[in-house]
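Novice:
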Amino acid sequence: MIENRPWLTFLSHAIVLLGIVVVAFPVYITFVASTHDQVTLLQAPIPMLPGDHMVENYRQVLFEGVGAASAGAPPVLLMMFNSLIMAVVIAVGKIAISIIAAYAIVYFRFPLRMTFFWMIFITLMLPVEVRILPTYEVVANLGMLNSYAGLTIPLIASATATFLFRQFFLTVPDELTEAARIDGAGPLRFFWDVLLPLSRTSIAALFVIQFIYGWNQYLWPLLITTDESYYTVVMAISRMMNVVDAAASWNLVMTCTLLAMIPPVIVVVLMQHWFVKGLVETEK
Amino acid sequence: MEKRVVFKGKLLPYLLVAPQIAVTLIFFIWPAAQALKQSVFIEGAFGGNAQFVWLDNFIELFSDPGYLHSARVTVVFSAAVTFFGLAIALLLAVMADRVIRGATVYKTLLIWPYAVAPAVAGVLWGFLFNPTVGNLAYILNKLGYDWNYFVNGGQALVLVIIAACWSQISYNFIFFLAGLQSIPRSLIEAAAIDGAGPGRRFWTIVFPLLSPTTFFLLVVNVVHAFFQTFGIIHAVTQGGPANATEILVFKVYNDGFRGLDLGGSAAQSVVLMIIVIALTVLQFRFIERRVHY
Amino acid sequence: MAGVSIRSVKKSYGEIEVIHGIDCEIADGEFIVILGPSGCGKSTLLRMIAGLEEITAGEIAIDGRVVNDLEPKDRDIAMVFQNYALYPHMTVYDNMAYGLRIRGMSKAEIDMRVKKAAAILELDGLLARKPRQLSGGQRQRVAMGRALVREPSVFLFDEPLSNLDAKLRVQMRIEIRRLHQTLKTTSIYVTHDQVEAMTLADRLIVMNAGRAEQIGSPMEVYARPATTFVAGFIGSPAMNMLPGRLGDDGTVEVAGVRLPVAAPVAGTAGRPVTVGMRPEHIARADQGTRTFDLHVDVVETLGADTLVHGRIGGAGNELIVRLPGSVTTGPGDVVPLAVAPQNLHLFDAETGARL
Numbered sequence: 019m020i021e022n023r024p025w026l027t028f029l030s031h032a033i034v035l036l037g038i039v040v041v042a043f044p045v046y047i048t049f050v051a052s053t054h055d056q057v058t059l060l061q062a063p064i065p066m067l068p069g070d071h072m073v074e075n076y077r078q079v080l081f082e083g084v085g086a087a088s089a090g091a092p093p094v095l096l097m098m099f100n101s102l103i104m105a106v107v108i109a110v111g112k113i114a115i116s117i118i119a120a121y122a123i124v125y126f127r128f129p130l131r132m133t134f135f136w137m138i139f140i141t142l143m144l145p146v147e148v149r150i151l152p153t154y155e156v157v158a159n160l161g162m163l164n165s166y167a168g169l170t171i172p173l174i175a176s177a178t179a180t181f182l183f184r185q186f187f188l189t190v191p192d193e194l195t196e197a198a199r200i201d202g203a204g205p206l207r208f209f210w211d212v213l214l215p216l217s218r219t220s221i222a223a224l225f226v227i228q229f230i231y232g233w234n235q236y237l238w239p240l241l242i243t244t245d246e247s248y249y250t251v252v253m254a255i256s257r258m259m260n261v262v263d264a265a266a267s268w269n270l271v272m273t274c275t276l277l278a279m280i281p282p283v284i285v286v287v288l289m290q291h292w293f294v295k296g297l298v299e300t301e302k
Numbered sequence: 002m003e004k005r006v007v008f009k010g011k012l013l014p015y016l017l018v019a020p021q022i023a024v025t026l027i028f029f030i031w032p033a034a035q036a037l038k039q040s041v042f043i044e045g046a047f048g049g050n051a052q053f054v055w056l057d058n059f060i061e062l063f064s065d066p067g068y069l070h071s072a073r074v075t076v077v078f079s080a081a082v083t084f085f086g087l088a089i090a091l092l093l094a095v096m097a098d099r100v101i102r103g104a105t106v107y108k109t110l111l112i113w114p115y116a117v118a119p120a121v122a123g124v125l126w127g128f129l130f131n132p133t134v135g136n137l138a139y140i141l142n143k144l145g146y147d148w149n150y151f152v153n154g155g156q157a158l159v160l161v162i163i164a165a166c167w168s169q170i171s172y173n174f175i176f177f178l179a180g181l182q183s184i185p186r187s188l189i190e191a192a193a194i195d196g197a198g199p200g201r202r203f204w205t206i207v208f209p210l211l212s213p214t215t216f217f218l219l220v221v222n223v224v225h226a227f228f229q230t231f232g233i234i235h236a237v238t239q240g241g242p243a244n245a246t247e248i249l250v251f252k253v254y255n256d257g258f259r260g261l262d263l264g265g266s267a268a269q270s271v272v273l274m275i276i277v278i279a280l281t282v283l284q285f286r287f288i289e290r291r292v293h294y
Numbered sequence: 018m019a020g021v022s023i024r025s026v027k028k029s030y031g032e033i034e035v036i037h038g039i040d041c042e043i044a045d046g047e048f049i050v051i052l053g054p055s056g057c058g059k060s061t062l063l064r065m066i067a068g069l070e071e072i073t074a075g076e077i078a079i080d081g082r083v084v085n086d087l088e089p090k091d092r093d094i095a096m097v098f099q100n101y102a103l104y105p106h107m108t109v110y111d112n113m114a115y116g117l118r119i120r121g122m123s124k125a126e127i128d129m130r131v132k133k134a135a136a137i138l139e140l141d142g143l144l145a146r147k148p149r150q151l152s153g154g155q156r157q158r159v160a161m162g163r164a165l166v167r168e169p170s171v172f173l174f175d176e177p178l179s180n181l182d183a184k185l186r187v188q189m190r191i192e193i194r195r196l197h198q199t200l201k202t203t204s205i206y207v208t209h210d211q212v213e214a215m216t217l218a219d220r221l222i223v224m225n226a227g228r229a230e231q232i233g234s235p236m237e238v239y240a241r242p243a244t245t246f247v248a249g250f251i252g253s254p255a256m257n258m259l260p261g262r263l264g265d266d267g268t269v270e271v272a273g274v275r276l277p278v279a280a281p282v283a284g285t286a287g288r289p290v291t292v293g294m295r296p297e298h299i300a301r302a303d304q305g306t307r308t309f310d311l312h313v314d315v316v317e318t319l320g321a322d323t324l325v326h327g328r329i330g331g332a333g334n335e336l337i338v339r340l341p342g343s344v345t346t347g348p349g350d351v352v353p354l355a356v357a358p359q360n361l362h363l364f365d366a367e368t369g370a371r372l
């Protein structure tokens, strides 16, 4: 602080706190809703304090599903498992194929190298949303509808991750590579023994970002899953949302909603340091 | 920028790029090429031969009032989400940067919404504003304001804008805070010695120095509003009421999957592709963080 | 242990030739220093010996075996890098053991060698640390240790001390010398620091612009520099170079003064030459024995010595003289000086070659 102006400091705190409250408010209300029974939530205003049906709501949602409002969705535990598979496979897959592609592009000279680089770059410009139908057709033709492979593989190409690793590799001193050559390490050995351990921070940061990306996928599972046992939790909630007024089980829907956001929020909060660093650096 | 030191290897580099390139070709470039192709054909009825129609699909698209309406909705929606999302995040970041005590805690408490899926954010706000059970809807109605986003298109648009802003604030906040913290302290101190007060310092020193960050976020937020808000619309309003919240991305999906209009949907895809390409080029051209190769 | 032969070695990057053919036979156990200004090609030459750069023409043999097409790991060499190039994620122990492990050496043997090297370099207590927990000098030792454990035929050093502060540099210099006296491994050492070069080398290769200007022992290079470049590069302050002309009676004329030359050179009288005089070889003289007068501009007092900058003869001939610290003089003074005939160096005015 340059000058000491107590009221300005107070104002700063007040604004930030207000921001925090506004940001957290909808989640709080969701939590409150998830602790009441169905009847309490039939009519506004709903209570502002938690009720005593928390355990039974969560138990029912996790193991039995939402019932009439579920729009055919299975128990949330299964859907969370699907989401977890999707998030982990996408995160690990993206990191794995990106780090080796970046390694090839940075540490080798070979024909078509720049062509490959630009092909990877172009994927930045082709989000799923702009090629919905033809991508669906490809996946359908490959027989990957309603499968974990279909949920994950089409999403694991990543220009961002490739660029981040490329950027990082370029900062690794050349002398380290030369020292390894003199020590007798070939390309694969150097990658495994030296480059991979040095990339730990980048890998951790990317894992957080891509885990969230995978968990939060919405359009893609919506397109390619018709079999309920492959539903993911994020995509199933909105299905419930669209029938909830008829079934009026807001308490259970909001319980699902809260469960759907808990895993990624925990990942972000616990790995906050890496996540922030990775996010800011990915965009370089 | 290139490495001086490289490894020799004929086959190995190809093996290393193969998985990435395979996924890219099969699931990105091939479908995109298909979309391009379909956009200049009309599928015959009952799966008959496709007919090459030049740019007819595009001409039809741009003379369709429904599409133009959707484009207008998208512009309003994106502008509002970008402006409010950036303004609120900047305010919070500046205030959080000012306080020393509690800064880390504040940061943690403001970044977690990044982890919440846009669709889930839509559900959270949809619940608060639900005309039957929502607390905020209840308050509005008590205040004499007739709130029902199921029938009022303007209200529905406001609702999805709020949800989209909410889900983007963390991201903007992280970047603004990082940007603010990278401004050398000595510059601010020099300005203070020159006699500039906090407000003046912000507008004459901090804000100009923050402009690369702001510009970058501007592009990212527009992209976000265009493409990543599909979940919010789909979960909360389904594009309704009366297409009041039907943004372009939702329309592609709707026309393609519900309407099964292959050529028209492909033409829409191509238009969207051009928009993303333009935005990406903009982002890499005008920001110093361009790709070196 | 082994000798190294460098035969007509050239290096080009595309069309541009940066090393124009260097020949040198390095004997087994010899300590060779390659000295030159930055960009002269000295590091490139070293890296060609290491196998990190391809040899465009000519050949390099280690222990009689031509190594042009061998990978660095197969050349039986070890290298110490300027920035140490320690693996940041490995402990000191692992950094030293890594190369041995790749070679499939037994655990016991590795342990023995690492412990031995650590003892020599006084790294015993640091084996479990990571490089970032070490001081600059300690990192330097680890880099040396990594080379040491390999027990190679040839050590290569690429400006290993240039990242250290002055005091540590002196200390490590002595340590490297001591190490070489014990191990007697052939060593090739690249530096731009002439003090390091003079103190470490058995023989020097002085390089300039991709050529070896002179190869010889430090004293040879100092006493009989082969070219004006070598003359100017070795010695501090640098040798004074003045334009002169050969006289007809075994003398040379500089700044209007006629000086006798110890070993008269053949050549016609009036031939233009460059005359070199080291500042430390010019002495104060009496009026009787003086050969010329110095008009003093600036005096730098160093304690033991005093450096006197001034002009002789016409305005153009600037001269630096190193006089004992006891001499007191100041700007505007005129100091009578003398130089012994054997301390005059004559070079061809055009080619710069020693006459």
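Protein chains in written order, with this note's numbering: chain E, 19 to 302; chain C, 2 to 294; chain L, 18 to 372. Note that CB positions come from ideal geometry on N, CA and C, so glycine has one too.
Excluding sequence positions up to five away, which residues of its chain have a Cβ less than 7 Å from the Cβ of L313 (chain C)?
Specialist: Nothing about residue 313 (chain C) can be read from this structure; chain C reaches only from 2 to 294.
Novice: From the DSSP output, in three-state form, read off N159 (chain E) for me.
Specialist: Of the three classes helix, strand and coil, the one that applies to N159 (chain E) here is helix, per DSSP.
Novice: Quick one: which chain C residues come within Cβ less than 8 Å of I113 (chain E)?
Specialist: Per Cβ cutoff of 8 Å: no residues; I113 (chain E) is ~11 Å from chain C at best.
Novice: With three or more beta-carbon pairs closer than 8 Å as the criterion, would you say the stretch 77-86 of chain E touches the stretch 270-281 of chain E?
Specialist: At 8 Å Cβ cutoff, the stretches touch.
Novice: Based on Cα-Cα distance, which residue from L:I49, L:T73, L:P177, L:I66 lies nearest to G31 (chain L)?
Specialist: For G31 (chain L), the nearest C-alpha among the options comes from L:T73.
Novice: Pop quiz: F48 (chain L) and S170 (chain L) are said to be a contact at Cβ under 8 Å. What is the actual Cβ separation, rounded to whole angstroms?
Specialist: Not confirmed; about 14 Å, so no contact.
Novice: Quick check on the DSSP output: the alpha helix (DSSP H) that includes M272 (chain E) runs from which residue to which?
Specialist: From DSSP, the alpha helix (DSSP H) with M272 (chain E) extends over 268-288.
Novice: Only counting the same chain, and skipping five residues up and downstream in sequence, which positions put a Cβ closer than 6 Å to that of P177 (chain L)?
Specialist: Same-chain partners within the cutoff: V97.
Novice: Out of curiosity, what's the CA-to-CA distance linking A154 (chain E) and L160 (chain E)?
Specialist: Note on identity: in this sequence residue 154 (chain E) is Tyr, with Ala being the wrong assignment. Between Y154 (chain E) and L160 (chain E), the C-alpha separation is close to 10 Å.
Novice: How long is the line joining the alpha carbons of D266 (chain L) and G347 (chain L), rounded to whole angstroms?
Specialist: Rounded to whole angstroms, D266 (chain L) to G347 (chain L) spans 37 Å at the Cα level.
Novice: Just to make sure I have the definition right: I need the residues of chain B whose C-beta is within less than 9 Å of the C-beta of G69 (chain E). Which are they?
Specialist: Absent here is chain B; the protein component of the structure consists of chains E, C and L.
Novice: For the beta strand (DSSP E) containing D196 (chain L), name the first residue and the last one.
Specialist: Checking the displayed sequence, the identity of residue 196 (chain L) turns out to be Leu instead of Asp. Segment 183-200 is the alpha helix (DSSP H) holding L196 (chain L); no beta strand (DSSP E) there.
Novice: According to the neighbour-count rule (16 or more other Cβ atoms, all chains shown, within 10 Å of its Cβ), is M96 (chain C) buried or exposed?
Specialist: With 16 or more Cβ atoms within 10 Å of its Cβ, M96 (chain C) is classed as buried.
Novice: Are the C-beta atoms of K252 (chain C) and some chain E residue less than 8 Å apart?
Specialist: No, K252 (chain C) lies away from the interface with chain E (no Cβ there is under 8 Å from its Cβ).
Novice: A122 (chain E) and L17 (chain C): beta carbons closer than 8 Å?
Specialist: Yes, Cβ-Cβ distance for A122 (chain E) and L17 (chain C) is below 8 Å.
Novice: Note the first and the last residue of the continuous beta strand (DSSP E) segment covering V9 (chain E).
Specialist: In the structure as shown, chain E begins at 19 and stops at 302. Residue 9 (chain E) is therefore absent and cannot be evaluated.
Novice: What number of angstroms, rounded off, separates the C-alpha of G154 (chain C) from the C-alpha of W210 (chain E)?
Specialist: Near 57 Å, if we compare the C-alpha coordinates of W210 (chain E) and G154 (chain C).
Novice: Measure the CB-CB distance between N269 (chain E) and S52 (chain E) and report whether it falls below 8 Å.
Specialist: A contact, by the Cβ cut-off of 8 Å.
Novice: Given a threshold of 16 other Cβ atoms within 10 Å of its Cβ, counted over all protein chains shown, does Y101 (chain L) qualify as buried or as exposed?
Specialist: Counting Cβ neighbours within 10 Å, Y101 (chain L) comes out buried, since at least 16 surround it.
Novice: So which residues of chain L does A203 (chain E) contact, with C-beta pairs closer than 7 Å?
Specialist: Correct list: I119.
Novice: If we cut at 8 Å on Cβ distances, does S295 (chain C) have a partner in chain E?
Specialist: Residue 295 (chain C) lies beyond the range of chain C shown here (2 to 294); nothing can be said about it.
Novice: Output the boundary residues of the beta strand (DSSP E) element that contains G327 (chain L).
Specialist: Segment 322-329, the beta strand (DSSP E) holding G327 (chain L).
Novice: Along the stretch 155-166 of chain L, where does the CB come closer than 8 Å to a CB of chain E? Name the residues.
Specialist: Per Cβ criterion, the list reads R163.
Novice: Would you tell me roughly how many angstroms separate the C-alpha atoms of Q52 (chain C) and W238 (chain E), rounded to the nearest one?
Specialist: Spanning the two alpha carbons is a distance of roughly 30 Å.
Novice: Quick one: is R127 (chain E) near chain L, going by C-beta distance under 8 Å?
Specialist: Not an interface residue.
Novice: Can you check whether the CB of R199 (chain E) is closer than 8 Å to the CB of P89 (chain L)?
Specialist: In contact: P89 (chain L) and R199 (chain E) (Cβ atoms closer than 8 Å).
Novice: Should G142 (chain L) be labelled buried (16 or more other beta-carbon atoms within 10 Å of its own) or exposed?
Specialist: Looking at its Cβ environment, which holds fewer than 16 other Cβ atoms inside 10 Å, G142 (chain L) is exposed.
Novice: Using the beta-carbon of each residue, which ones in chain L are nearer than 7 Å to A355 (chain E)?
Specialist: Chain E is shown only over 19 to 302; residue 355 (chain E) falls outside these bounds and no answer can be derived.
Novice: Quick one: list the residues of chain E neighbouring R5 (chain C), beta-carbon separation under 7 Å, in chain order.
Specialist: Ordered by position in chain E, the residues that pass the 7 Å Cβ test against R5 (chain C) are D192.
Novice: Going by DSSP in three states, D57 (chain C) sits in which element: helix, strand or coil?
Specialist: The answer is helix: DSSP assigns D57 (chain C) an H, G or I state.
Novice: Taking CB distances under 8 Å as the criterion, tell me whether W204 (chain C) reaches chain E.
Specialist: No, its Cβ sits nowhere closer than 8 Å to a Cβ of chain E.
Novice: Scan the stretch 55-81 of chain L for residues whose Cβ lies nearer than 7 Å to a Cβ of chain E and list them as they occur along the chain.
Specialist: Under the 7 Å Cβ criterion, the stretch 55-81 of chain L contributes A67, L69.
Novice: So is Y146 (chain C) buried or exposed if we call it buried at 16+ other beta carbons inside 10 Å?
Specialist: Burial call: exposed.
Novice: Below 8 Å on the Cβ atoms is my contact criterion, and I expect G232 (chain E) with M104 (chain E) to pass it. Report the Cβ-Cβ distance as a whole number of Å.
Specialist: About 5 Å separates the two Cβ atoms, so the contact holds.
Novice: In whole angstroms, what separates the C-alpha of M65 (chain L) from that of E71 (chain L)?
Specialist: About 6 Å.
Novice: Quick one: which chain C residues come within Cβ less than 7 Å of E246 (chain E)?
Specialist: Residues of chain C passing the Cβ test: none, with the nearest at roughly 18 Å.
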